[in-house]
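Q: Using this note's numbering, read the sequence shown as starting at 1039 and increasing by one per residue.
Yeah, the Cβ is synthetic: ideal placement off N, Cα and C, and Gly gets one too.
In this text the structure is predicted, and so the values were computed from the model without any measurement.
Let me begin by handing over the structure; questions about it come next.
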Amino acid sequence: MTDTSVQETHAPSSICFGCGPANKEGLRIRSFRRDDVEHGLRMTFVTEEQHQAFPGMVNGGIIGTLLDCHGNWTAAIAIMESNKMEEPPCTVTANYSIQLRR
């Protein structure tokens, strides 16, 4: 397994708030290929104090951003690999729903 994320490989200059490697103020989510699942990715993200809604709880918008960015990268990599493309296509979220509970 590599230490280089799919974001760093395919979009190193991206300024996306959630997953852009070039956005120093963003979340900088990193997604990596999984060896155990075809087209699968795993994500790493470390919360920081400013990501809290209140002490000990991550803000719901941050959770939504994690799902949005990682979901799009998972879809893009799956499409790329299934269609034997050299680069992942641009994908966007059409809809998602989150129900947050305490």
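#1: Going by DSSP, which residues form a beta bridge with residue 1082?
#2: Quick check: what's the CA-CA separation for residue 1059 versus residue 1139?
#3: Quick one, which of 1133, 1079, 1063 has its alpha-carbon nearest residue 1102's?
#4: So what's residue 1095 in DSSP terms, helix, strand or just coil?
#5: Quick one: what's got a C-beta closer than 6 angstroms to residue 1082's C-beta in the same chain, skipping five residues either side?
A: Let me lay it out:
#1: Checking the DSSP bridge columns, you'll see residue 1082 partnered with 1068.
#2: Distance between the alpha carbons of residue 1059 and residue 1139: 30 angstroms.
#3: The candidate whose alpha carbon is nearest that of residue 1102 is 1133.
#4: Reduced to three states, the DSSP call for residue 1095 is strand.
#5: For residue 1082, the CB contacts under 6 angstroms within the same chain, skipping 5 residues up- and downstream, are 1068 in chain order.
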